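First the structure, in the form of structure tokens, and then the observations on it.
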Amino acid sequence: METNVCYHCGADCGKNPILFDEKSFCCNGCKTVFEILHANELNCYYDLETSPGTIPKEIKGKYNYLDNAEIVEKLVEFNDGTTSVIEFQIPSIHCSSCIWVLENLSKLDKGIITSTVNFPKKTLRVTFKNSAVTLKKIVELITSIGYEPYISLENADAKKHKVDKTLIYQISIAAFAFGNVMLLSFPEYFGVEDFWLDTYKPLFRWLMFAMSIPVVLYSAKDYFISAYKGLRHKILNIDVPIVIGILVLFIRSSIEIILNTGSGFFDSLTGLIFFLLLGKFFQQKTYNFLSFERDYKSYFPIAVTKIVEGEEKSIEVKDIKRGDRLLIRNEELIPVDAILISGNAAIDYSFVTGESLPVSKQSGDKLYAGGKQTSGAIEIEVINTISQSYLTQLWGHDVFKENTEVTIKNITDSISKYFTFVVLTIAISAGIYWSFIDIPTAINVTTAVLIIACPCALALSAPFAIGNMLRIFGYHKFYLKNAETIESMSKVDTVIFDKTGTITSNDKTQIEYDGEPLKTAEIKIVKSVLRASNHPLSRALYHFIPITDAHLYQPQDFNEVLGKGIEATVKDCKVQLGSADFVGAPVKNSKETVIYIKIDNKIKGLYRFKNSYRKGIEEVFLALSKKYKLAILSGDNDGEKIHLEKILPKGTQFKFNQKPEDKLVFIKNLQSKGRKVLMVGDGLNDAGALAQSDVGIVIAEDINVFSPACDAILDAKLFNKLPKFLTLTQKTITVIKASFILSFCYNIIGMIFALNGLLTPVVAAILMPLSSITIVVFVTILTNWISKNI
Numbered sequence: 120m121e122t123n124v125c126y127h128c129g130a131d132c133g134k135n136p137i138l139f140d141e142k143s144f145c146c147n148g149c150k151t152v153f154e155i156l157h158a159n160e161l162n163c164y165y166d167l168e169t170s171p172g173t174i175p176k177e178i179k180g181k182y183n184y185l186d187n188a189e190i191v192e193k194l195v196e197f198n199d200g201t202t203s204v205i206e207f208q209i210p211s212i213h214c215s216s217c218i219w220v221l222e223n224l225s226k227l228d229k230g231i232i233t234s235t236v237n238f239p240k241k242t243l244r245v246t247f248k249n250s251a252v253t254l255k256k257i258v259e260l261i262t263s264i265g266y267e268p269y270i271s272l273e274n275a276d277a278k279k280h281k282v283d284k285t286l287i288y289q290i291s292i293a294a295f296a297f298g299n300v301m302l303l304s305f306p307e308y309f310g311v312e313d314f315w316l317d318t319y320k321p322l323f324r325w326l327m328f329a330m331s332i333p334v335v336l337y338s339a340k341d342y343f344i345s346a347y348k349g350l351r352h353k354i355l356n357i358d359v360p361i362v363i364g365i366l367v368l369f370i371r372s373s374i375e376i377i378l379n380t381g382s383g384f385f386d387s388l389t390g391l392i393f394f395l396l397l398g399k400f401f402q403q404k405t406y407n408f409l410s411f412e413r414d415y416k417s418y419f420p421i422a423v424t425k426i427v428e429g430e431e432k433s434i435e436v437k438d439i440k441r442g443d444r445l446l447i448r449n450e451e452l453i454p455v456d457a458i459l460i461s462g463n464a465a466i467d468y469s470f471v472t473g474e475s476l477p478v479s480k481q482s483g484d485k486l487y488a489g490g491k492q493t494s495g496a497i498e499i500e501v502i503n504t505i506s507q508s509y510l511t512q513l514w515g516h517d518v519f520k521e522n523t524e525v526t527i528k529n530i531t532d533s534i535s536k537y538f539t540f541v542v543l544t545i546a547i548s549a550g551i552y553w554s555f556i557d558i559p560t561a562i563n564v565t566t567a568v569l570i571i572a573c574p575c576a577l578a579l580s581a582p583f584a585i586g587n588m589l590r591i592f593g594y595h596k597f598y599l600k601n602a603e604t605i606e607s608m609s610k611v612d613t614v615i616f617d618k619t620g621t622i623t624s625n626d627k628t629q630i631e632y633d634g635e636p637l638k639t640a641e642i643k644i645v646k647s648v649l650r651a652s653n654h655p656l657s658r659a660l661y662h663f664i665p666i667t668d669a670h671l672y673q674p675q676d677f678n679e680v681l682g683k684g685i686e687a688t689v690k691d692c693k694v695q696l697g698s699a700d701f702v703g704a705p706v707k708n709s710k711e712t713v714i715y716i717k718i719d720n721k722i723k724g725l726y727r728f729k730n731s732y733r734k735g736i737e738e739v740f741l742a743l744s745k746k747y748k749l750a751i752l753s754g755d756n757d758g759e760k761i762h763l764e765k766i767l768p769k770g771t772q773f774k775f776n777q778k779p780e781d782k783l784v785f786i787k788n789l790q791s792k793g794r795k796v797l798m799v800g801d802g803l804n805d806a807g808a809l810a811q812s813d814v815g816i817v818i819a820e821d822i823n824v825f826s827p828a829c830d831a832i833l834d835a836k837l838f839n840k841l842p843k844f845l846t847l848t849q850k851t852i853t854v855i856k857a858s859f860i861l862s863f864c865y866n867i868i869g870m871i872f873a874l875n876g877l878l879t880p881v882v883a884a885i886l887m888p889l890s891s892i893t894i895v896v897f898v899t900i901l902t903n904w905i906s907k908n909i
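First residue of the sequence shown: 120, per our numbering; consecutive thereafter.
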């Protein structure tokens, strides 16, 4: 490297460079950054790019305002007293080395847990320990290595609602240029001669050229960037042929202007980019709406328990208001920011921070949305509505992102890889053929082929089809986590159901008590313990016991052992509820579903359950058995096996007495044999199985047992429509393939005319955006049509 070039940032060091470790630096700031990276064994930062750094800013005393706790509270998005999360805007992020060093901040300061860069948005998300590092120290560290964050206290409260207007600006410039270029083209189109021909035609042509430059360089830059990244990784993505079409139009038109042989096709060029961006804007708005809709309806609990004058009432999460008093049971997610009123709060914030160790909270402490209660039931008072809570951002966090084998975009890109190769081959071959006949025609034919084959219609078909189907599913209370879930569901060949709470209906369960009569005080104690549990049997028994909720006690030392039972201390009485093994009772009938009652080491009796199955279960299994292998996995005993064998299709596999880990292993074994498995569960004991399966669906009753492993949430009232939903995913993929075929047919017909010299570049550039509109209308009408009978 030249001695007068800074080793860190690449700037000119001048006549007096600062020398350190046989390297030149332009200032002490760059030298300091190098020393920091060198001391922390992060020298490979400089292997990523040549002179990757930025010049550090003078920071002494600059961030003293971050010592103010009130200011910090406005800036920090999450703070449970132990761990905080904040997102910075970093304008100077510009390359892979920037991402690398910013995502390794934990090596520069041990108080930083994780740091994640969102390159397109130029943001840095930092999770840190309050006891080990302060926000001021983090900001100073980031600034010292050359990445000063943009902090606006004036906009601190609104920082979560920032809107990226880049696309709007790109469309505006393209629209302005398109309109004016069309006006400037009219005189030549209409053959105006004489004075205009001699005086204004050259000026008009150069004005069109000048207006097209910002459209190509700014409005269309994202297509160039995407195509470049694809080619850099040896991938021919969908933007490569689009960029080829843009370049062909611009270069061809520029040559005509410079050589004064014609007016070029700047109107077609600016129109093409304008329509592409318009389609992109429409697609973005569609997905923004769908994302908003899914945030509220599928990722959060569908309902929560509200306490009104001592009585419990289930309400939808979207109806939660500030000041409401809510009951959060064991293993339930806190849907809104709130104040703890009563109960033993041990909050697991692993969804937010990645730290799974529960945080203890006292009455009066603030609880953040996204935390999961892990120690019995608590009562909270809402201080923020759901739209204002931190949970609204959780599902954009990396902790929830899972790698998928194939996505819709990958399908499109895989097709475009061959598509691009074929188009280039045809264009070059046609150009060579026509060059022996007529050079101008050869140029026109080659240009027309590259323009007419631009795959913008191909690029839009899958997103619009999937987006519309997600909207339709959401309308019918079937909420999917993402677009890839539709594709995954279409490939399923095995469907597995949990029993209790999934194919059984808690509302209609028949319960009877057998044993020593319980006193009123004992019944209140039992119901107080049940109140904190989220297990379907606990919920059913809780609603069965006729004691007013306002008269219940607060259990202490609550503990729930999945698949076995619950225990707690109430009014100095030790209570155990669960299976015979859990309470140490002799088994009377292993075929029954029961909950034993043990108070102060004495077994009082048991509650016996007789299941009532969901409406339409026979029709659902019969419909599914025609296409899928079926199985029942249950943690209960096999007392219901004979009944299930009578009502379910032959060939249905039954597995009882399954622990949560047994269900997971069973699914993993099926997958090792090449099976694509869909698991339908209630989301509590089935969390591992839902995560292991290719698609996990949670059945939601009056409340939703939230599970981050699930890919979809189905309203329990629509359980009988599950076969139709599965069929629709397959039909959606068929619609996408049909739209691909339609797009190919359009390109083939267009290229036939172009290859014969019958299609000018102008007509080709006009037809291309029209084909995109046709594809969007086609997939929208078809997806609406196939779903009309849900």
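Idealized CB from N, CA, C, for every residue including glycine. Computed from a predicted structure; not experimentally measured.
Assigned exposure category for residue i - 16 Cβ within 10 Å defines buried
i	result
residue 825	Caution is warranted here: a pLDDT of 47 is assigned to residue 825, below 50, making its placement in the model unreliable, and the coordinate value is therefore given only provisionally. With 16 or more other Cβ atoms within 10 Å, it is buried.
residue 113	Beyond the ends of the chain as shown, which are 120 and 909, falls residue 113; an answer cannot be given.
residue 269	exposed
residue 490	buried
residue 908	exposed
residue 497	buried
residue 900	exposed
residue 359	buried
residue 527	Low confidence applies here, because residue 527 scores a pLDDT of 47, under 50, leaving its location unreliable and the question unanswered by this model.
residue 903	exposed
residue 806	buried
residue 546	buried
residue 379	exposed
residue 285	exposed
Bridge partner(s) assigned by DSSP for residue i
i	result
residue 234	245
residue 479	465
residue 598	832
residue 913	Given a span of 120 to 909 for the chain in the structure shown, any question on residue 913 remains unanswerable.
residue 798	615, 815
residue 697	684, 715
residue 849	Partner(s): none; residue 849 has no beta bridge.
residue 623	732
residue 143	138
residue 634	724
Beta-carbon proximity check, residue i vs residue j, cutoff 8 Å
i	j	result
residue 459	residue 423	no
residue 800	residue 621	yes
residue 363	residue 441	no
residue 245	residue 264	no
residue 652	residue 448	yes
residue 583	residue 844	no
residue 671	residue 693	no
residue 750	residue 772	yes
residue 252	residue 385	no
residue 605	residue 848	yes
residue 774	residue 637	no
residue 858	residue 894	yes
residue 330	residue 304	no
residue 367	residue 611	no
Whole-angstrom C-beta distance between residue j and residue i, which should lie under 8 Å
i	j	result
residue 433	residue 465	Not quite, the Cβ-Cβ distance comes to about 24 Å (not below 8 Å), so this is no contact.
residue 207	residue 260	That pair is no contact at about 12 Å.
residue 89	residue 345	The requested residue 89 is not part of the displayed model; the chain covers only 120 to 909.
residue 477	residue 484	That belief does not hold up - the Cβ atoms of residue 477 and residue 484 are roughly 13 Å apart, past 8 Å.
residue 297	residue 390	5 Å
residue 266	residue 194	At roughly 17 Å, the Cβ-Cβ gap does not stay under 8 Å, so residue 266 and residue 194 are not in contact.
Original post:
In chain order, which alpha helix (DSSP H) runs of at least 4 residues are fully inside the region 717-744?
Top reply: Here the runs fully enclosed are 736-744.
Original post:
Going along the chain, which unbroken runs of the alpha helix (DSSP H) with 4 or more residues stay wholly within the region 549-573?
Top reply: Entirely contained in the region 549-573, the alpha helix (DSSP H) runs reaching 4 residues are, in chain order, 558-571.
**OP:** Counting only runs of 4+ residues fully inside the region 641-666, write out the alpha helix (DSSP H) ranges in chain order.
**Re:** Taking only runs of at least 4 residues, the alpha helix (DSSP H) segments lying wholly in the region 641-666 are 655-663.
**OP:** Quick one: which unbroken alpha helix (DSSP H) runs of 4-plus residues sit fully inside the region 341-390? Chain order, please.
**Re:** DSSP runs (the alpha helix (DSSP H)) wholly in the region 341-390: 358-378.
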